[in-house]
Every structure is written in C-alpha cells, then in structure tokens.
Amino acid sequence: MMEVENLAEYRSLLRERSKAPLYHKIKHACMRQPAERRIIAAVLVCLSIGVTFIALKKSFIDSRSTEPILHTDEETLWHYNTSEEREVFLRLWNNANETLLPMIGSYGEQENGKYDQRSELFAHCELILETVKRSLKQCVSLQILPNKCKKLLLMKMKCTKDGIRYRNWDGSCNNLQHSDWGMTGDNFNRWLKATYTDDVSTPRQSVYGGELPPVRYLSNLLFSHKTLPDSDATMLFTHFGLFLDHDIVQVGQTKGNYSSCCKKNPNHRHPSCLRIDISEDDPLYGPLNVTCKGFLRSPPFTGTCPGRREQQNRMTSYIDASDMYGPSHEEGKKLRVRKKGNYFSCILLFISLLPLMSI
Ligand SMILES: *[C@@H]1O[C@H](CO)[C@@H](O)[C@H](O)[C@H]1NC(C)=O
Ligand SMILES: *[C@@H]1O[C@H](CO)[C@@H](O)[C@H](O)[C@H]1NC(C)=O
Ligand SMILES: *[C@@H]1O[C@H](CO)[C@@H](O)[C@H](O)[C@H]1NC(C)=O
Ligand SMILES: *[C@@H]1O[C@H](CO)[C@@H](O)[C@H](O)[C@H]1NC(C)=O
10 MMEVENLAEY RSLLRERSKA PLYHKIKHAC MRQPAERRII AAVLVCLSIG
60 VTFIALKKSF IDSRSTEPIL HTDEETLWHY NTSEEREVFL RLWNNANETL
110 LPMIGSYGEQ ENGKYDQRSE LFAHCELILE TVKRSLKQCV SLQILPNKCK
160 KLLLMKMKCT KDGIRYRNWD GSCNNLQHSD WGMTGDNFNR WLKATYTDDV
210 STPRQSVYGG ELPPVRYLSN LLFSHKTLPD SDATMLFTHF GLFLDHDIVQ
260 VGQTKGNYSS CCKKNPNHRH PSCLRIDISE DDPLYGPLNV TCKGFLRSPP
310 FTGTCPGRRE QQNRMTSYID ASDMYGPSHE EGKKLRVRKK GNYFSCILLF
360 ISLLPLMSI
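In structure tokens:
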C-alpha cells in the first residue's frame, strides 16, 4: 500500500483512482493483500471441510438406516370404489374389530370416573381405523367407514349465520368459515408432521434405525434436581402460567390400569400402553428396584390422514376462561348452582373457593 502523508493527498489519490479505467479498477480489486488472501483461503478450506463432513454424515446415516420411517402421501385417501376393494376393506375392518372387541369397556375416556359410552365407541373406531391403516399403508377416507363409526368421526359443527350471534360455549363458530377451529374436542395442530415409526402410532425411532435413547436416561442427564431460584418471577408467574395453560390445553385421559403396561406378555397389556424402562443404576428408581413405569396414551383422534394418530384437545383453544366456566355447554351447566347466577363453591373458613370435589 502507498504511504499517504496528509488528508488532501489521500483525497486526490482517491479521485485519481475513481477516474481510472474500468480495467484498472477490476485489476485493483483482484489484487488483494496477502493477509486477505490467507483469510479467503482459510474460509474456502473450512467450507470444503464442512461440505465433506455433511456429505459423509449423510451417507453414514443413509447406510445405517435399516428401516426408514414410512410416510404415506397425505393426499391419497383410500376410497373403496370397486367391489373388490370394498371387500378387502371390510375384511380388514372386521378382523380388527374382532381383535379389539374383548378390550371394549377398557379404553374409553376417564370422565370423572364415570363410564362414557360415546368416548368408548369413538376410541374403538379410531383403533380399528389405525389397524386398517397399518395393513393398507394408506390414509383411509372416513366416507367409507361402516355407518356407526362414520357418523361419529365425521361429525361437524354447523353454524347458521342468522342463528348465531356469538360463538358457542365450546368455541365452535368463532370463525364462521372454519366453524370447528379451536373448539373443544378438535385435534391439536402440528408444526411438523408426526413421525411415527409405522406411520400410524408407534413412537418414532432413531434416524439410524433402532430405538432412541431411553427417556429416563435423558431426563436424568438433562434435568438437574437442583433448585435454581429466580428473582425476576414471583409465585404468581407459576400459578398464572398453569391457569392459562389449563384454559387452552387439556388432553383426555384413557381409562384403564396402567400397571398392566409393564406385564411381560404384550397380550396382557392395555391397547393404549406405553412403557418407560428404567435401568438398575437410575438414581431414584434403582435403589427402589423399580425397572418399569407404564402409562396410558391419550385417546386416539383423526387428523388429515385418517388412521394416523392425532391428539385431541379437551379445552377450547381460545383464552376464554373455559377452565372456570367449562369447555362445553353440558359441563358448564353442571357447574352452575342456578341461583343468583352463582357457581358451585366450597366455603372454607368463610372463604369461598372452587369446589374441591368433581361435580
Ligand atoms: C373413488 O371415489 C372417490 C370419492 O367418491 C373419488 O374421489 C375418486 O376419484 C374415486 N377413485 C377412482 C379411482 O375412481
Ligand atoms: C364389531 O363387531 C360387533 C359384533 O360383530 C358388531 O356388533 C359391531 O357393530 C362392530 N363394530 C364396529 C365398529 O364395526
Ligand atoms: C392394576 O394392575 C396391577 C398389576 O397388573 C394390579 O396389581 C392392580 O391391582 C390393578 N389395579 C386395579 C385397580 O385393577
Ligand atoms: C432391592 O433389591 C435388593 C436385592 O434384591 C434388596 O436387597 C433390597 O432390599 C431391595 N430394595 C427395595 C426397596 O425393595
């Protein structure tokens, strides 16, 4: 670089340069300083190492993936148009129904401990549909289900423009174009598509094929049991957060005995079972000799690909205090005293609290 003694000289030099023909300008730009060249070379080397690494990793993953995660085409729904297809479908349906029939009475939803026949049939239809999808490897059109299930799974809310001035109690008809958006009982929306291993309902596997690390191992590894005080938030933060959460989200609970999930024989397990295996060196459960914890999955629900499991929201997705007033008209009615506009409450030491028992 040229030495420049004062500002005036520097300016005149700049003017001269800007007048230089295009050829010189380009030549000047290409003749970079040695330090710059070294940086550019280093960047290029890093880039090529990165690209090679990514390519190697991808080929490694590809070579290790024994069973790729299946994906069916969302758009292709199985309609049984021909009589042969119809027969295949009905045979699969009836076989699945027969296999699942002995379980009926055990996989509906827990409704305050009461037996709920409708949710039982709903879960039964959904589980048959899942079994059929597993065989067909296609999304099944709900139009072709036997009547009992078709009616139940296809039920839609209708809004009449002049009849409904306000949205319904269950959040339906808040959006007149999409009357069921956000209503109680709709399925959760996904940002990413579900990646069940069998494309129906089994938990996803590792991209290398095989199982993911045990959840208990991850939870012990990632979560500390230390208390970390936070001076920015008060207790209200926790309670209000939980209250808000319960206003917009609640997942149904499957009825049944989750202890059965740890039984050795899979036929003795509840159809909604999942299990958490616990290793001997688990800091909490190891000394207690607990090697397995079972739980029941939330009831199955239909999404855009019928037969592939989705999860259902039991609350309206709107912030509307549905955790106080009830997520539906029926449940809301049960909470009312029907006197002076009051709701049931529990008086404890002259303070009126929310009822302690389910109503
Ligand atoms: C089968 O029936 C469905 C609905 O009735 C229709 O959309 C589809 O195009 C039909 N498929 C064939 C192959 O005919
Ligand atoms: C399952 O089979 C039983 C007995 O054959 C029948 O009554 C019932 O309607 C079937 N359920 C469904 C959902 O197809
Ligand atoms: C649930 O199953 C476990 C083991 O299978 C059994 O010990 C327990 O009594 C059952 N509980 C109920 C409420 O049936
Ligand atoms: C766990 O098993 C060991 C060896 O069988 C036994 O000594 C210990 O008492 C058991 N602990 C509990 C909490 O049952």
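According to my numbering, the sequence shown holds residues 10 to 368 in order. Ideal Cβ positions, reconstructed from N, Cα and C, are used throughout, including at glycine.
In this structure, the straight-line span from the alpha carbon of residue 130 to that of residue 318 is close to 16 angstroms. Cβ-Cβ distances below 6 angstroms link residue 210 to 139, 318 in the same chain, with the five nearest sequence neighbours on each side left out; the list follows chain order.
Contact check for residue 189 against residue 322 fails: the beta carbons are separated by 8 angstroms or more. In this structure, the C-beta of residue 296 approaches ligand 4 to less than 7 angstroms from one of its heavy atoms. According to DSSP, residue 149 shares a beta bridge with 87. Set against 7 angstroms, the gap from the CB of residue 157 to the closest heavy atom of ligand 2 is smaller. In this structure, the alpha-carbon of residue 66 lies about 22 angstroms from that of residue 51. Exclusion of the five residues before and after residue 197 leaves 320, 322 as the residues of its chain whose Cβ lies within less than 6 angstroms of its Cβ. At least one heavy atom of ligand 2 lies less than 7 angstroms from the C-beta of residue 137.
Under the three-state reduction of DSSP output, residue 331 falls in the helix class. Not one heavy atom of ligand 2 is found less than 7 angstroms from the C-beta of residue 362.
Shown here, residue 196 sits in a strand according to DSSP, grouped into three states.
The beta carbon of residue 270 sits closer than 7 angstroms to those of 278, 279, 282, 283, 284, 303, 304, all from its chain and outside the five residues before and after it, given in chain order. Excluding sequence positions up to five before and after residue 259, its CB lies within less than 6 angstroms of the CB of 323, 324, all in the same chain and listed in chain order.
Between the segment 330-348 and the segment 151-160 there are fewer than three C-beta pairs closer than 8 angstroms, too few to call the two in contact. With a cutoff of 8 angstroms on beta-carbon distance, residue 256 and residue 203 are scored as not near each other. Runs of the beta strand (DSSP E) lying entirely within the segment 271-347 and spanning at least 3 residues, in chain order: 282-286, 301-305. For residue 355, the uninterrupted beta strand (DSSP E) segment begins and ends at 355-357.
Under the DSSP assignment, residue 362 falls in the beta strand (DSSP E) whose first and last residues are 360-362. Between ligand 2 and residue 161, a heavy atom-to-CB distance of less than 7 angstroms is absent.
Comparing alpha carbon positions, the residue from 293, 267, 286 closest to residue 234 is 293. With a threshold of 7 angstroms, the Cβ atom of residue 293 does not count as near ligand 2, since no heavy atom of the ligand is closer than that. Secondary structure within the segment 220-272: the alpha helix (DSSP H) runs of 4 or more consecutive residues, fully enclosed, are 224-231, 244-257 (chain order).
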